[in-house]
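To start, the structure under review is shown below, and the notes come after it.
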Amino acid sequence: MTGSAPESATAGGLWRPRSSRLRPSRLRPSHPRPPRPRPSRRARAGVPIGLLLPALIGLAFLVLPLAGLLIRTPWSTLLTRLGAPGILDALRLSLLSATLATALCLVFGVPLAWLLARVDFPGRTLIRALVTVPLVLPPVVGGVALLLAFGRRGLLGPWLESTFGITLPFTTAGVVVAESFVAMPFLVIAVEGALRGSDVRFEEAAATLGAGRWTVFRRVTLPLIAPGVVSGAVLCWARALGEFGATITFAGNFPGRTQTMPLAVYLALEQDLPSAIVLSLILLVVSVVILASLRDRWIAAP
Amino acid sequence: MTDPTTTVSTRDAPQGPALDAHLLVDRGAFRLDAALRIAPGEVVALLGPNGAGKTTALRALAGLLPLSGGHVTVRGRRLDDPAERVFVPADRRNVGVVFQDYLLFPHLSALDNVAFGPRSHGASRARSRAVAADWLARVGLADHTHAKPRQLSGGQAQRVALARALAVGPELLLLDEPLSALDAGTRMDTRAHLHHHLAGHPGGTLIVTHDPLDALILADRLVILEAGRVVQEGDAATITAQPRTDYVARLVGLNLFRGTASGATVTLPGGFTLTTSESCDGPVFVAFPPTALALHPHRPEGSPRNVWSATVAGLQRHGDHLRIQLAGPLDTTADITPAAAAALRLEPGSQVWAALKATETRVYPDSAD
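From first to last, the protein sequence lines are chains A and B.
Under my numbering, think of the first position of the first sequence as 7, with each following residue one higher.
Under my numbering, think of the first position of the second sequence as 110, with each following residue one higher.
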């Protein structure tokens, strides 16, 4: 057989004629593929109890709270509660701020990931560790740190206010900043991983064709890592949507201005449990719908 | 810079050889030290075993790897010279590369792959696409302009890669193992196709390969690289007739020995002597083809002057005959018919007598050192 098209298509669509012949290629579902031998029934029945039991408990642990939410939802009064004042405002603010935060993370995070993956500079390991700090930092501590940096008496706050007239704390912009701070590491890590996994020889080939580094990035690197960027952005967006600690510390809890859905849920929990459940349900539905709609298209199962 | 969007044949070429280079690259234990010169329009093959430094040389010429010393000069323009602190990066050299596995951009169509170079050189989108369409037509792929690389066969991908490299009118074209990713059937066609296009390329061409057939068919001149050094160069006829290293001798299928000649007698390093038909004096190479050796179960009587006892070290099928590896005073290979092998009851470890006629040997001076 010659190297016909289906044989030459490997996972990710990269054309690698040699490897595609040496190992079974992971074809996309649209390509014809030989039926893969399924594990026999006996092999599947042989799952050891020591693995099966913890696995099932773990699954239940993840699913039960969601079930509880659904079971306790006041379905009969759902529509009237949805119309309650403040809920749509909080939802709109949450979606808007999470989207803006994701955009901000993309604009600054993708170049940062490129720098970490492609440029060898002293202190790179340290910088990479610093980038991941917000990931392990308690979000409340992040909020305090943001206040110390961008607050009225913080490091940059007075300068921002006097030069640009920008005040961040306790504003909608502050919500976006808090969410970006917490969510950016997710994007940077995902994109850096995608960059490390992508073949730099494509970039070299582009350079031999006369493309400078910016053109190479724009026309070759970015399209090749697009799936990684999108999945990073989705993770980033989901994290921003659920952000609570840093937001309430840095931006406060003003309805219509800085009160996002998680904050509204927390507030409602103290006053009116059914409302809190409805708000939680909305947040759950929105997240699941967006993740599910992107998953098939962009986020490849490992 | 010349206008990169015009096709190469029409533009005024600057003066000087297409390539004048002395490549010095230090990479820890490995050191590349090779001088290369290519005239405009000339096709040179850089041939060598794996690990000889061929790919390192190609990367240095393309500007993907800076030299440790020496220089790269293309058409009189110095591209790399550590002593002068000159280094022109890959994107500002007019050097085209066809990579081993082509590296066609998977997200772009064949047309956009070929248009990438002209576009990067500043041509408008429409102009780049026109140039690309022209090149795809020239390599016979006018019907595949909108195909993505994964929809192309190996031979087609190779043509797109060639068109992509040529579309910017490179003064120097580098091809890295251009046919190794193809299966045998496609290889023949693609080799002929490549030969046609390289012959029409006005710039210099360097083909890096470990396949002697590709080198002999595609190149005007061969440069043999071993362990980072050029061990022999010349046209195909010279190299096949007078190999200077074991590697080259094996490539062209000859037994090769180095010795000292005195008249028609050559003394090899172990003290073994061979009688030859030509007379020579001083350090020489002695070469003879595997078919020149006759094997006998007993010491032969009669004319052969060179007779020795050997041990069969291995047998393998080679075309329609058997190639016998012989150990003994001389490590040689002999080609015999299967019938003869059966009559001799040859198997690894068998003792045989080897006979070599003086008239079958070639002797030439070892003047390289």
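Note that the Cβ used here is the ideal one computed from N, Cα and C, for glycine as well.
Nothing here was measured: the structure is a model prediction, and the numbers come from that model.
{"Check": "Looking at the secondary structure, which residues open and close the beta strand (DSSP E) in which arginine 140 (chain B) lies?", "Outcome": "139-147"}
{"Check": "Report the rounded CA-to-CA distance for isoleucine 326 (chain B) versus histidine 304 (chain B), giving the unit in angstroms.", "Outcome": "8 Å"}
{"Check": "Rounded to the nearest angstrom, what separates alanine 73 (chain A) and arginine 234 (chain B) at their Cα positions?", "Outcome": "56 Å"}
{"Check": "Per DSSP, what kind of secondary structure is threonine 306 (chain B) in: helix, strand or coil?", "Outcome": "Per the sequence shown, the amino acid found at residue 306 (chain B) is histidine instead of threonine. Reduced to three states, the DSSP call for histidine 306 (chain B) is helix."}
{"Check": "Hey, serine 386 (chain B) and alanine 373 (chain B) are a contact pair by Cβ (cut 8 Å); roughly how many whole angstroms apart?", "Outcome": "7 Å"}
{"Check": "In angstroms, rounded to a whole number, what distance separates the CA positions of arginine 359 (chain B) and alanine 467 (chain B)?", "Outcome": "21 Å"}
{"Check": "If contacts are defined as beta-carbon pairs under 8 Å, then glycine 226 (chain B) and alanine 276 (chain B) qualify, I think. What distance do you get, rounded to the angstrom?", "Outcome": "5 Å"}
{"Check": "What would DSSP say about glutamate 210 (chain A), mapped onto helix, strand or coil?", "Outcome": "helix"}
{"Check": "When you compare each of A:Leu118, A:Leu85 and A:Val142 to alanine 198 (chain A) by their alpha carbons, which one comes out closest?", "Outcome": "In the sequence on display, residue 198 (chain A) carries glutamate and not alanine. Ranking the options by Cα distance to glutamate 198 (chain A), first place goes to A:Leu118."}
{"Check": "Which residue's Cα is closest to the Cα of aspartate 320 (chain B): B:Pro287, B:Asp329 and B:Gly309?", "Outcome": "B:Pro287"}
{"Check": "Determine the contact status of isoleucine 133 (chain A) and leucine 122 (chain A), defining contact as a CB-CB distance below 8 Å.", "Outcome": "yes"}
{"Check": "From the DSSP secondary-structure annotation, give me the bridge partner or partners of leucine 315 (chain B).", "Outcome": "B:Val153 and B:Leu283"}
{"Check": "For the beta strand (DSSP E) that proline 392 (chain B) lies in, which residues bound it at each end?", "Outcome": "382-397"}
{"Check": "Verify whether the separation of the beta carbon atoms of alanine 130 (chain B) and glycine 172 (chain B) is less than 8 Å.", "Outcome": "no"}
{"Check": "Can you tell me whether DSSP reads asparagine 222 (chain B) as helix, strand or coil?", "Outcome": "helix"}
{"Check": "Tell me the rounded alpha-carbon separation between arginine 146 (chain B) and valine 332 (chain B).", "Outcome": "10 Å"}
{"Check": "Can you pull the chain A residues whose beta carbon is under 9 Å from the beta carbon of alanine 171 (chain B), in chain order?", "Outcome": "Glu210, Ala213 and Thr214"}
{"Check": "Just to confirm, are phenylalanine 397 (chain B) and glutamate 456 (chain B) a CB contact at a threshold of 8 Å?", "Outcome": "no"}
{"Check": "Less than 8 Å separating the beta-carbons of phenylalanine 192 (chain A) and leucine 241 (chain A)?", "Outcome": "yes"}
{"Check": "Nearest by alpha-carbon distance to glutamine 128 (chain B): which of B:Asp329, B:His180 and B:Ala272 is it?", "Outcome": "The question names glutamine, but residue 128 (chain B) is leucine in the sequence shown. Among B:Asp329, B:His180 and B:Ala272, the Cα nearest to that of leucine 128 (chain B) is on B:His180."}
{"Check": "Which residues, in order along the segment 227-244 of chain A, keep a beta-carbon less than 7 Å from a beta-carbon of chain B?", "Outcome": "Pro229 and Leu230"}
{"Check": "Considering glutamine 267 (chain B), what are the terminal residues of the alpha helix (DSSP H) in which it resides?", "Outcome": "263-275"}
{"Check": "As a quick exercise: from A:Arg263, A:Leu58 and A:Arg245, pick the residue whose alpha carbon is nearest that of leucine 289 (chain A).", "Outcome": "A:Arg245"}
{"Check": "With a threshold of 8 Å between beta carbons, is glycine 171 (chain A) in contact with chain B?", "Outcome": "no"}
{"Check": "What are the boundary residues of the beta strand (DSSP E) that proline 474 (chain B) is part of?", "Outcome": "471-474"}
{"Check": "Beta carbon of alanine 143 (chain B), beta carbon of valine 339 (chain B): below 8 Å?", "Outcome": "yes"}
{"Check": "Chain A partners of alanine 208 (chain B), CB-CB under 9 Å?", "Outcome": "One point to set straight first is that residue 208 (chain B) is phenylalanine, not alanine, in the sequence displayed. Those within 9 Å of phenylalanine 208 (chain B) in chain A are Arg207, Glu210, Ala211 and Thr214."}
{"Check": "So the candidates are B:Arg414, B:Ala450, B:Thr318 and B:Ser418; which of them puts its Cα closest to the Cα of leucine 431 (chain B)?", "Outcome": "B:Ala450"}
{"Check": "Nearest to alanine 151 (chain A) by alpha carbon, out of A:Leu102, A:Pro60 and A:Gly251?", "Outcome": "A:Gly251"}
{"Check": "Would you say phenylalanine 196 (chain B) reaches chain A, if we count a Cβ-Cβ gap shorter than 8 Å as a contact?", "Outcome": "no"}
{"Check": "Hey, would you say alanine 443 (chain B) sits closer than 8 Å to proline 409 (chain B), going by beta carbons?", "Outcome": "no"}
{"Check": "Is there a Cβ from chain B that is less than 8 Å from the Cβ of glycine 203 (chain A)?", "Outcome": "no"}
{"Check": "Can you name, in chain order, every residue of its own chain whose Cβ lies under 7 Å from the Cβ of aspartate 298 (chain B), other than the five neighbours on each side?", "Outcome": "Gly264"}
{"Check": "Counting pairs of Cβ atoms below 8 Å between the segment 271-284 of chain A and the segment 199-217 of chain A, do you hit three or more?", "Outcome": "no"}
{"Check": "Out of curiosity, what's the CA-to-CA distance linking valine 146 (chain A) and isoleucine 296 (chain A)?", "Outcome": "27 Å"}
{"Check": "Taking the DSSP output, what are the residues bridged to aspartate 190 (chain B)?", "Outcome": "B:Val195"}
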